[in-house]
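UniProt numbering puts the sequence shown at residues 1 to 475.
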Amino acid sequence: MLLPVIMAGGSGSRLWPLSRQQFPKQFLTLLGDHSMLQTTANRLTGISHSPALVICNEEHRFSVAEQFRLNNTPNSGIVLEPVGRNTAPAIALAAMLAIRNGDDPLLLVLAADHVIKDQVAFCQAVTNAMPLAEQNQLVTFGIVPTAPETGYGYIQRGDALASGLGFDVAQFVEKPNLTTAQDYIATGQYYWNSGMFMFKASTYLQELKIHSPAIFAACEAALVDVTHDADFIRINKASFEACPDDSIDYAVMEKTQHAVVVPMDCGWSDVGSWSALWEIDDKDAQGNVFKGDVIGINTRNSYVNASEKLVTTIGLDDVVVVETKDAILVAKQSEVQQVKQVVEQLKAEQRSEWQHHREVYRPWGKYDSIDNGGRFQVKRITVKPGAKLSVQMHHHRAEHWIVVSGTAKVTNGDKDILLTENQSTYIPVGVVHALENPGKVDLELIEVQSGSYLGEDDIVRFEDRYGRVATSEAK
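As structure tokens, this is what we get:
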């Protein structure tokens, strides 16, 4: 049995401003009609496998669940990491959970934010790896390089396996400088390190216990009191926080005697920058990639992504322009790696643009912060049919709700009322309230907040359908 394990973590800094800490690139639709996470799940079509097990940050859980729902794709569960501890512990959790279910499947470990253009070649490499993994080998997939790329780690192959399906791993090497990368390519013995793996769950755990026993022990402890909430699998926070932070490469693959590499030539990219996305996307006759409402005059070799507004360019060459509701990036293609510095400065200045978009998705719908000032904030709120926000109250702010369309069922203190288009209600500071959409179409309303403190952590929850009573997530 093949169990895909999709690693859906990520901090959302390299493709800012489209990617944010609370909405990283795996949730973005960058190529085609599906998000990168959905495309990763769809890529498995044609391979016999169990529904994927997904591992993500706890704060991304609703985005992951919603993307699988919209994609009409089942999953074997969504494991919530209370803190990020890199890939070695995450994969250990997946392996331990699989064995707990009475199985010892082959784990196919995939990142949720990679581009693979040739699905047939991908599936063939996966098929080639399966007999090797069944023989207790730890398989890593090496991407056949197309250029002396300095942004990837490399794998040097050793002797060919008797099966002809792969090679022993001679060594893993760090990201090289250009001269070294050119030397690697010239030998024909090196592959890009894809970060994709296949092995038996038991084999991985055996090697992890030998080479990184502290990770093994911490993950075991984290699964002592697992709880299940719908599709979500929650682990022990304190035990996992004590786990060492380490990648599978350092913790296991570079130390084991059972590592093999299977070549994969599939049009792969980890989309590590805007320039990388420009390289792999379809271009017009002038070498441009235009997304959204864009007019380019005398513009060449550029990437322009317009999310909300008309963007026009004149006389530009080799640039990146990315527009969102609350931020615009303009950069030379050769300088886009420095976008991380922008994100770090935003964090240092405690600005919200590094963390989330103006429009924020929640399990019940979404809200768009359309205006704000010193003592007020205005949001446009969309509630899905049948959805309900938590029963809550605020210590520092009052709220005024005006229904734009649909029907709202409102709890306002000791009263339950129905509001329709153009009707409104006022909720004073300290009053317990709730909002629900009892209808069959989206509920749209305008919320005006006023008060001395408008932070999203000023929420006391009493009831919640989405397991957030103990958290301070917005709404």
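C-beta atoms are modelled at their ideal positions from N, C-alpha and C, and glycine is treated no differently. Being a predicted model, the structure only gives us computed values, none of them experimental.
Query: Just confirm the distance between the C-beta atoms of Gly77 and Asp229, as a whole number of angstroms; I'd bet it's less than 8 Å.; Result: That pair is no contact at about 10 Å.
Query: Measure the C-alpha to C-alpha separation of Gly451 and Tyr426 and round it to an integer number of angstroms.; Result: 13 Å
Query: Under a three-way DSSP split, which group does Tyr152 fall into?; Result: coil
Query: In whole angstroms, what separates the C-alpha of residue 481 from that of Leu53?; Result: Summary: the structure shown does not reach residue 481, with the chain confined to residues 1 through 475, and so no result is reported for it.
Query: Counting only runs that start and end within the segment 326–412, where is the beta strand (DSSP E) found for 3 or more residues in a row?; Result: 328–332, 359–362, 365–372, 376–383, 391–393, 397–405 and 408–412
Query: Measuring straight from C-alpha to C-alpha, what distance separates Lys283 and Val322?; Result: 16 Å
Query: Secondary structure at Leu295, three-state DSSP: helix, strand or coil?; Result: In the sequence on display, residue 295 carries Ile and not Leu. The answer is strand: DSSP assigns Ile295 an E or B state.
Query: Quick one: Cα of residue 554 to Cα of Val320, how far?; Result: Absent from the structure is residue 554, since the part of the chain shown begins at 1 and ends at 475.
Query: If you follow the beta strand (DSSP E) that Asp168 is part of, which residue opens it and which one closes it?; Result: Phe167 to Val173
Query: From the DSSP output, read off the bridge partner residues of residue 477.; Result: No information on residue 477 is available, as it lies outside the stretch 1 to 475 that the chain covers here.
Query: Rounded C-beta distance between Leu110 and Met196? I'm assuming under 8 Å.; Result: 6 Å
Query: Does the pairing of the segment 42–56 with the segment 11–23 give three or more beta-carbon distances under 8 Å?; Result: no
Query: Can you name the start and end residues of the alpha helix (DSSP H) that His211 belongs to?; Result: Ala201 to His211
Query: If you reduce the DSSP assignment to three classes, tell me which class Met1 lands in.; Result: coil
Query: Going by DSSP, what residue range makes up the beta strand (DSSP E) through residue 478?; Result: Residue 478 falls outside the range modelled here, since the chain spans only 1 to 475, and no answer is possible.
Query: Roughly how many whole angstroms lie between the Cα atoms of His394 and Ser63?; Result: 25 Å
Query: Within a Cβ cutoff of 6 Å, which residues of the same chain sit near Arg397, ignoring the five residues on either side of it in sequence?; Result: Gln449, Gly451 and Leu454
Query: How close, in whole Å, do the beta carbons of Leu138 and Thr203 come, if the pair is a contact with beta carbons under 8 Å?; Result: 6 Å
Query: Tell me the residue span of the beta strand (DSSP E) that contains Gln449.; Result: Leu443 to Gly451
Query: So for Val126, helix, strand or coil by DSSP?; Result: helix
Query: I'd like to know whether the C-beta atoms of Asp225 and Arg85 end up nearer to each other than 8 Å.; Result: no
Query: Would the segment 138–148 count as touching the segment 199–217 if we require 3 or more Cβ pairs under 8 Å?; Result: yes
Query: Which term fits Asp103, buried or exposed, when burial requires 16 or more other beta carbons within 10 angstroms of its beta carbon?; Result: exposed
Query: If you follow the alpha helix (DSSP H) that Ile280 is in, where does it begin and where does it stop?; Result: Trp274 to Ile280
Query: Tell me Pro24's beta-bridge partners as DSSP assigns them.; Result: Answer is none; Pro24 lacks a bridge partner.
Query: Are the beta-carbon atoms belonging to Asn193 and Gly153 less than 8 Å from one another?; Result: yes
Query: Can the beta-carbon of Phe172 be found closer than 8 Å to that of Met253?; Result: yes
Query: Just list the residues that DSSP pairs Ala285 with in beta bridges.; Result: None, per the DSSP bridge assignment.
Query: Return the bridge partner residues of Val260 from the DSSP annotation.; Result: Val139 and Asp168
Query: Rounded to whole angstroms, what's the CA-CA distance from Leu223 to Ile55? Just pull it up for me.; Result: 14 Å
Query: I'd like to know whether the C-beta atoms of Asp442 and Val383 end up nearer to each other than 8 Å.; Result: yes
Query: Does the segment 341–352 come close enough to the segment 405–418 that 3 or more CB-CB pairs lie under 8 Å?; Result: no
Query: Among Glu447, Asp458, Thr87 and Leu80, whose alpha-carbon lies nearest the alpha-carbon of Ile248?; Result: Thr87
Query: Please identify the residue among Thr127, Arg300, Leu419 and Pro105 whose C-alpha is closest to the C-alpha of Ser50.; Result: Pro105
Query: Give the range of the alpha helix (DSSP H) segment to which Ile47 is assigned.; Result: It is not in any alpha helix (DSSP H) - Ile47 carries neither H nor E in the DSSP assignment.
Query: Kindly list the residues whose CB is nearer than 8 Å to the CB of Val403, restricted to its own chain and excluding five residues on each side of it in sequence; keep chain order.; Result: Leu419, Thr420, Glu421, Asn422, Gln423, Ser424, Leu443, Glu444 and Leu445
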